[in-house]
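Notes follow the structure.
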Amino acid sequence: MAQEVRGVIAPGKDEPVRIETVVVPDPGPGEAVVQVQACGVCHTDLHYKQGGINDEFPFLLGHEAAGVVEAVGPGVTDVEPGDFVILNWRAVCGKCRACLRGRPWYCFDTHNAQQRMTLASTGQELSPALGIGAFAEKTLVAAGQCTKVDPRVAPQVAGLLGCGVMAGIGAAINTGNVGRGDSVAVIGCGGVGDAAIAGSQLAGAATIIAVDIDDRKLETARSMGATHTVNSRENDPVEAIRELTGGFGADVVIEAVGRPETYKQAFYARDLAGTVVLVGVPTPEMKLELPLLDVFGRGGSLKSSWYGDCLPSRDFPMLIDLHLQGRLDLGAFVTETIGLDEVEKAFERMHHGDVLRSVVVL
Numbered sequence: 003m004a005q006e007v008r009g010v011i012a013p014g015k016d017e018p019v020r021i022e023t024v025v026v027p028d029p030g031p032g033e034a035v036v037q038v039q040a041c042g043v044c045h046t047d048l049h050y051k052q053g054g055i056n057d058e059f060p061f062l063l064g065h066e067a068a069g070v071v072e073a074v075g076p077g078v079t080d081v082e083p084g085d086f087v088i089l090n091w092r093a094v095c096g097k098c099r100a101c102l103r104g105r106p107w108y109c110f111d112t113h114n115a116q117q118r119m120t121l122a123s124t125g126q127e128l129s130p131a132l133g134i135g136a137f138a139e140k141t142l143v144a145a146g147q148c149t150k151v152d153p154r155v156a157p158q159v160a161g162l163l164g165c166g167v168m169a170g171i172g173a174a175i176n177t178g179n180v181g182r183g184d185s186v187a188v189i190g191c192g193g194v195g196d197a198a199i200a201g202s203q204l205a206g207a208a209t210i211i212a213v214d215i216d217d218r219k220l221e222t223a224r225s226m227g228a229t230h231t232v233n234s235r236e237n238d239p240v241e242a243i244r245e246l247t248g249g250f251g252a253d254v255v256i257e258a259v260g261r262p263e264t265y266k267q268a269f270y271a272r273d274l275a276g277t278v279v280l281v282g283v284p285t286p287e288m289k290l291e292l293p294l295l296d297v298f299g300r301g302g303s304l305k306s307s308w309y310g311d312c313l314p315s316r317d318f319p320m321l322i323d324l325h326l327q328g329r330l331d332l333g334a335f336v337t338e339t340i341g342l343d344e345v346e347k348a349f350e351r352m353h354h355g356d357v358l359r360s361v362v363v364l
């Protein structure tokens, strides 16, 4: 029987979010209903609210979530009611050309629930953010979007792996292939950038340089594992990174802002044959211009990191285990816990750089 729950809706472009009653249908084939326990406030949700993703309003926001499976539909065997799960937005299909080549983290046909949740007041279909829609007491997802992890972990910590923290850690470990003794520079020290710093430390990088224009963020970056910091409002970041790496540039530079000017900084701040990883999300109108001779002459790799090139079934449990062992402090990313009715204010604090992560606890 369909259920009615509270959820945070973005009704139109740049309009304030509001709490509405949402109808969650019973799970159909391959689907699951999850009781959401916590959901991080991610910058991607703000992009949805601002119309930066698409114009399929109204959106049911929230996607960085953890909770307990309440019910599953026909044919679901990987999860069952009572399982504690992190929700992911790349449920691999197992059948596309990437999956068949043994590269499921690139899956080109990830799937979501077939049914739509609706507004109780009008019956209008909702577009769930990244196919999840977890700023709600319960949500309907594809069962493949549910990744079981150790239930001893706190939900407000576990959910962060559903997007930003996984994107950053994966950008360093999976996409950038950071290794022992490497030098790494991370440009942009928000939640994703700090996660890239933590991932670089996990991988054994010897030098980790944090770059930002906000001294508060640079201080936090040090607590996450940065060995050096550069305020790029006051110093040329390319020259500073070269100076800190023997004049050569970093082995891996991770751009976690998503702007042409910071991407160029990343490009020129890497060593010859080094790697640039773009994990910051640009907006559609942004253009990049680089001398093609420089692209050729500097060699190396220019990579984009999709969701940290993660495989949720592999990476989520591993990172939760590292957290429980005390080797990865996921709790350090949580600045505050809030209720559903505080999401709009959390967006404002995010915009002003006052928080690393606000987490909705239900």
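Okay, so the sequence shown: first residue is 3 according to our numbering, each after it adds one. Glycine included, C-beta positions come from ideal geometry on N, C-alpha and C.
- With distances taken between CA atoms, K266 lies nearest to L292 out of L292, G251, E241 and I243.
- Closest option to C95, judged by alpha-carbon separation, among Q52, S315 and E338: S315.
- For V362, the pairing in a beta bridge is given by DSSP as C41 and I340.
- Annotation: the segment 180 to 211 contains the following complete segments of the alpha helix (DSSP H) (minimum length 4 residues), in chain order: 193 to 205.
- If you keep only unbroken beta strand (DSSP E) runs of at least 3 residues inside the segment 126 to 165, you get 140 to 144 and 148 to 150.
- Looking at the backbone, the Cα of R218 and that of M168 are separated by about 22 Å.
- Taken through DSSP and simplified to helix, strand or coil, S315 comes out as helix.
- Taking S185 as reference, the option from L274, T46, G248 and D253 with the minimal CA-CA separation is D253.
- The C-alpha of M3 lies about 14 Å from the C-alpha of V24.
- Between E82 and L364, the gap from beta carbon to beta carbon reaches 9 Å or more.
- If you draw a straight line from the Cα of I134 to the Cα of L63, it comes to about 8 Å.
- Remark: C-beta atoms of A145 and E33 approach each other more closely than 9 Å.
- Excluding sequence positions up to five before and after L274, its CB lies within less than 8 Å of the CB of F250, G251, R300, G301 and G302, all in the same chain and listed in chain order.
- Rounded to the nearest whole angstrom, the CA to CA distance from T277 to M119 is 42 Å.
- Taking 9 Å as the cut-off, the beta carbon of G170 is found no closer than this to the beta carbon of V151.
- Ranked by Cα distance from T229, the options L313, E6 and Q203 are led by Q203.
- If you check the CB distance, G201 and I175 come in under 9 Å.
- The segment 330 to 350 and the segment 205 to 220 do not touch, with fewer than 3 CB-CB distances between them shorter than 8 Å.
- The beta-bridge partner set that DSSP reports for E33 consists of A144.
- Three or more beta-carbon pairs separated by less than 8 Å are not found between the segment 108 to 124 and the segment 345 to 356, which leaves the two stretches without contact.
- Cβ contact annotation for L326 (same chain, cutoff 8 Å, sequence separation greater than five): D152, R154 and V155, in chain order.
- Each residue's CA atom was taken as its position, placing T79 and L324 some 27 Å apart.
- Shown here, N114 sits in coil according to DSSP, grouped into three states, outside any helix or strand.
- Inter-residue distance for F59 and G104 is about 36 Å (C-alpha atoms, whole angstroms).
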